[in-house]
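Heads up: the sequence shown begins at 51 in the numbering used here, then just goes up one per residue.
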Amino acid sequence: MSIAKAFRKLVSCVLLDLDGTLLNTDGIVNDALKVYLVKYGKQWDGRGTQRIIGKTPYEAAAVIVEDYKLPITANELLSEINPILSDKWCNIKAQPGANRLINHLREHGVPMALASNSSKENIETKISCHPGWKESFSVIIGGNEVTCPKPSPEIYLEAAKRLKMDASSCLVIEDSMPGVTAGKAAGMEVVAVPTIPKQSHLFTSADEVINSLLDLQLEKWGLPAFEDWIEGTLPIEPWYIGGPVIKGFGRGSKVLGIPTANLSTESFSALELPSGVYFGWAGLANRGIYKMEPWLLHDFNEDFYGEDLRLVVVGYIRAEANFSSIESLVAKIHEDRKIAENALELPSYLKYRDDPYLNTSLQLNC
Ligand SMILES: [Mg+2]
């Protein structure tokens, strides 16, 4: 972190983008495009996602018409795909940490605005499916209410004006480059939470880039800190996954000297949680129930490929990080292990050891 960025400006309100930031809209849009493009003999491969993120619906439609050489106009595409999408607006899941953020800011009386390139009508429909969201925002402003959408600063300046705040008192949280550009052009502090993983390097104009809303540290901006971290861990809604143990990439045991057990990602959505280091409890048929961090916290004498492994993931430690050496990576993994081992003794995490999903017939062996 540069010295300049270590001394951040303090803010008193938060301006939030909607699609991709608070809602996982891309999944729904991708699914709709996959079905829709078949009509024109085309196949949506997801590569265009980067080009439409943060755009207005019309701009995104124009990009798709051009990229896929469709024999229709952007407006025609919109009128055809809108009925497909509007049926699905209520299926859009909140991004991990979105409810936590909104509730926290509301409880602490921090003014919030929602500023999206979507139309006001679409915004209202999307957030109506998430209890408590609409009432939490003092201002909701759609792309159809300003002359120029993001990346123009207009929508954020208008949001600040309606909140009766100076632009310099506003923190913007955004997932796309047009949004980050808009926030910076408005003279605001901007935290980027890129929708597409591993894109942090493209967001150099943001004041901070984080992996997910779970990593947001509001106190850095003079706002009330989250109070739900316990001994270096963040409790999450339990996530149940399982399947046969498969062979991994070999790095765990061969390079790091740390044996790993891998699950196929085919049977569950990897998007349920952002990438990062989590921990919880693991049940292995015929073997027992063990603490689990990036790997099972137990030494086994032999491989167990093909055996049924069930996990209840209950807490988060940190985002993925890059390490300058294997030694520093191994040291960090052991640090993570210590945090997870200690945390799993806390009552709020320990109770999941008895979760029936882990197989009640297993002999407890912790
Ligand atoms: Mg967005």
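All C-beta atoms, glycine included, are put in the ideal place defined by N, C-alpha and C. Everything numeric in this text was worked out from a predicted model, so none of it was measured.
Please classify residue i: is it buried, with 16 or more other beta-carbons within 10 angstroms of its beta-carbon, or exposed?
i           : result
residue 384 : exposed
residue 387 : buried
residue 63  : buried
residue 251 : exposed
residue 146 : buried
residue 203 : buried
residue 78  : buried
residue 320 : Because residue 320 sits at a pLDDT of 49, beneath the cut-off of 50, its placement in the model cannot be relied upon, and the following sentence gives the value as read from the coordinates. Classification of residue 320: exposed, given that the 10 Å Cβ count is below 16.
residue 166 : buried
Got a sec? Which residues, its chain only, sit under 6 Å from residue i by beta carbon, not counting five neighbours each side?
i           : result
residue 261 : 324 and 369
residue 120 : 90
For residue i and residue j, I'd like the C-alpha separation in whole angstroms.
i           : j           : result
residue 127 : residue 249 : 29 Å
residue 198 : residue 208 : 11 Å
residue 196 : residue 228 : 15 Å
residue 211 : residue 189 : 10 Å
residue 157 : residue 272 : 16 Å
residue 328 : residue 382 : 13 Å
residue 154 : residue 266 : 12 Å
residue 334 : residue 397 : 22 Å
residue 171 : residue 96  : 26 Å
residue 140 : residue 179 : 5 Å
residue 399 : residue 372 : 28 Å
residue 75  : residue 89  : 22 Å
residue 152 : residue 224 : 14 Å
residue 404 : residue 367 : 22 Å
residue 135 : residue 86  : 10 Å
Cβ atoms of residue j and residue i: under 8 Å apart, would you say?
i           : j           : result
residue 72  : residue 144 : yes
residue 16  : residue 232 : There is no way to answer for residue 16, as the model of the chain reaches only from 51 to 416.
residue 61  : residue 219 : yes
residue 276 : residue 268 : yes
residue 363 : residue 294 : no
residue 230 : residue 255 : yes
residue 292 : residue 379 : no
residue 142 : residue 176 : yes
So residue i and residue j are supposed to be a Cβ contact under 8 Å. How far apart are they, rounded?
i           : j           : result
residue 117 : residue 91  : Not quite, the Cβ-Cβ distance comes to about 14 Å (not below 8 Å), so this is no contact.
residue 213 : residue 161 : 5 Å
residue 447 : residue 280 : Because the chain here runs from 51 to 416, residue 447 falls outside it and cannot be looked at.
For residue i, collect the residues of the same chain with a Cβ closer than 7 Å to its Cβ; drop the 5 residues on either side in sequence, then sort them by chain order.
i           : result
residue 217 : 207, 210, 236, 237 and 238
residue 290 : 362 and 407
residue 124 : 108, 111, 112 and 115
residue 59  : 218 and 239
residue 187 : 162, 163 and 164
Near residue i, what residues of its chain come up, given a Cβ to Cβ distance below 8 Å and the 5 sequence neighbours on each side ignored?
i           : result
residue 138 : 78, 81 and 82
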